[in-house]
Amino acid sequence: MSPANLRRWSWIHKWSSLVCTVFMLLLCLTGLPLIYHHEIGHLLGNEVEPPALTAQQQANPPRADLDSVIAAGKARYPDKVMMYMSQEADQPALWFLTMGKHANDPDFVSVAIDARSARYVAEPPIEGGALMAFLFHLHVDLFAGVPGKLFLGFMGLLLVVAIVSGVVLYAPFMRKLAFGAVRHGRTARLKWLDLHNLLGIVTLVWALVVGVTGVVNTLADVLLQVWQSTEIAAMVKPYEGLPPPAKLASMEQSVARAQALQPGMRVGFIAFPGTPFASAHHYGVYMHGDQALTAKLYKPVLVDAGSGQVTDQRTLPWYLSTLLLSQPLHFGDYGGAGMKFLWALLDLATIVVLGSGLYLWLKRGRAARAKAGDEARMRAPRQPALAREGESR
Amino acid sequence: MSAFRSLWGMPILLGVLTAIGLVVGLLGDGWWDAAAVTCLGMPVAVGAWHIARPR
């Protein structure tokens, strides 16, 4: 690499890293407990467990009518309307109802209902409780909503630039060294430079994937808005100008019709009329498969909320499929406890790469100043002694 | 060993293993997850070995 190119890439690496490092350290530190949010929620008692069944029931688990599940939520909050109902892929025994004063109430409540008996189970704390919600917002939007997300997305792009420029610089720095060489016993700066290069190169692909998928996740709100204003708008076009249904159709029948069209798929979540995932006239029934990969992707079925008849069904556009596949690749929650542990180790290694990078930059500044000072002293004796004395006064 | 291989051989190998691990985990559960953890564990193990290696 020519000296000019080396200087150029060093400049790119230095500034892209410096600008994003503080935020990336924050994301690594808050991301670490988020890897284990289920386990932490369990310890804090914030995870909802379904009541145990009797031995007789276990042999043939009952299934409650969806309308009675909704009625159980309504009985608890008679003045609120349904916004969403959802099931977690690994917990078919619970329905989580989201209810609010209106369809877009930011102060919604979450109610867990037994999917087998339609009995009230618990009200799980929103976002996993105060501590996890605090870490979550620091990680996702810095408590600044969509602009906060997009800002972190931009920082993520800088991280990608820093990683790519770091790989370019790996060659000139490592050309004369064996892979993984760590020069102990010389200067501390040299040792940390070697550790920075070693941990940077072994975490390279993981950090790139987590960085890029993190950036994609920050675009979630924007992508959903695009979808709502194009495809959902087209699907509800025939209902333009009509009043919303006075009485909502049976959910049990609506879901049965949606499921008949998508055999082998199960309901992930249902959006009620007026929410961003439905329309004023429709239930949005979001189905997903039961295989590892198909469980991550949703198929929306729109059901007329007045008649309970299916009016449209589509596959998700590519940008929403990309978003949905970006989530597991960012969270590391798709490969069991072993993968979570590796995610935590790789996160820690990334903290060392960020920290050592910062240290190398600080030391480099000092080394450069010391070198300049040496040169000044070397030049000094060539000046007349009197001039130097004059300067010092 | 060529200069290219001695410089980039290990980084490329670890990068490919990481990519395989990340994708394989998405495709299935059980054995797929075990294969994913094995592949993804390689770069972690190699990094740890070079840090902790006796001098």
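Those protein sequences? They're chains U and A, same order as listed. Residues 344 to 736 (the numbering used here) are what the first sequence spells out, left to right. Residues 1305 to 1359 (the numbering used here) are what the second sequence spells out, left to right. Where is the CB? At the ideal position from N, CA and C, for every residue including glycine.
To be precise: take each residue of the segment 539–550 of chain U, compare its Cβ to all Cβ atoms of chain A, and keep it if any distance is under 9 Å. Which residues remain?
541, 542, 544, 545, 546, 547, 548, 549
Helix, strand or coil: how does DSSP classify residue 346/U here?
helix
Taking the alpha-carbon positions, what's the residue 610/U to residue 575/U distance?
19 Å
Is the beta carbon of residue 553/U less than 9 Å from the beta carbon of residue 480/U?
no
Exposed or buried, which one is residue 502/U when buried takes at least 16 other CB atoms within 10 Å?
buried
So, residue 475/U versus residue 368/U, is the Cβ gap smaller than 9 Å?
no
According to DSSP, simplified to helix, strand and coil, what is residue 693/U?
helix
CA-CA distance, residue 1324/A and residue 665/U?
Taking the straight line from one Cα to the other gives about 18 Å.
DSSP three-state call for residue 1353/A: helix, strand or coil?
helix
With the cut-off set at 9 Å, would you say residue 697/U and residue 535/U are in Cβ contact?
no
Kindly provide the ranges of any alpha helix (DSSP H) runs that are 4 or more residues long and lie completely inside the segment 517–558 of chain U, ordered along the chain.
531–545
Chain A beta carbons: is any one of them nearer than 9 Å to that of residue 756/U?
Chain U is shown only over 344 to 736; residue 756/U falls outside these bounds and no answer can be derived.
Do the CB positions of residue 409/U and residue 426/U come within less than 9 Å of each other?
no
Nearest-angstrom Cα distance between residue 679/U and residue 467/U?
24 Å
Taking the straight line between their C-alpha atoms, what separation do you get for residue 424/U and residue 660/U?
Distance between the alpha carbons of residue 424/U and residue 660/U: 30 Å.
Could you say if the segment 519–529 of chain U and the segment 365–383 of chain U meet the contact criterion of at least three C-beta pairs nearer than 8 Å?
Contact between the segment 519–529 of chain U and the segment 365–383 of chain U is absent, because fewer than three Cβ pairs lie under 8 Å.
Ordered along the chain, which non-local residues of its own chain (more than five positions away) have a Cβ less than 6 Å from that of residue 1340/A?
Here the set comprises 1325, 1328, 1329.
Return the residues of the segment 1326–1348 of chain A that lie within a Cβ-Cβ distance of less than 8 Å from chain U, sorted by chain order.
1326, 1329, 1330, 1331, 1332, 1333, 1336, 1337, 1338, 1340, 1341, 1344, 1345, 1347, 1348
Checking contacts by CB at 9 Å: is residue 648/U closer than that to chain A?
no
Report yes if the CB atom of residue 512/U is closer than 9 Å to the CB atom of residue 349/U, and no otherwise.
yes
Please give me, in chain order, every unbroken run of the beta strand (DSSP E) with length at least 3 that falls completely inside the segment 623–694 of chain U.
625–631, 641–647, 653–656
Would you mind working out which of 616/U, 647/U, 483/U, 621/U sits nearest residue 371/U, comparing C-alpha positions?
483/U
Kindly say whether residue 521/U, judged by its beta-carbon, lies nearer than 9 Å to any beta-carbon of chain A.
yes
Could you tell me which residues DSSP puts in a beta bridge with residue 442/U?
425/U, 452/U
If you draw a straight line from the C-alpha of residue 514/U to the C-alpha of residue 1353/A, how long is it?
21 Å
Run through chain A and tell me which residues come within less than 8 Å of residue 692/U, C-beta to C-beta.
1348, 1351
Three or more C-beta pairs closer than 8 Å, one from the segment 454–472 of chain U and one from the segment 646–656 of chain U: is that the case here?
Result no; under three Cβ-Cβ pairs closer than 8 Å.
With a threshold of 9 Å between beta-carbons, can residue 507/U be considered close to chain A, or not?
no
Give the straight-line distance between the Cα atoms of residue 352/U and residue 587/U, rounded to the nearest whole angstrom.
59 Å
Can you find a C-beta in chain U that's less than 9 Å from the C-beta of residue 1310/A?
yes
Using a Cβ-Cβ cut-off of 6 Å (strictly less than) and excluding sequence neighbours within five positions of residue 677/U, which residues of its own chain qualify?
671
Given residue 689/U, which residues of its chain have a CB within under 7 Å of its CB, disregarding the five upstream and five downstream residues?
Cβ contact annotation for residue 689/U (same chain, cutoff 7 Å, sequence separation greater than five): 546, 549, in chain order.
Just the C-alpha distance for residue 1315/A and residue 363/U, rounded to the nearest angstrom, thanks.
24 Å
In this structure, how does DSSP classify residue 611/U when only helix, strand and coil are distinguished?
Residue 611/U: strand per DSSP, three-state reduction.
Can you have a look at residue 590/U and say buried or exposed, based on whether 16 or more other CB atoms are within 10 angstroms of its CB?
exposed
Roughly how many angstroms separate the alpha carbons of residue 621/U and residue 570/U, rounded to a whole number?
11 Å
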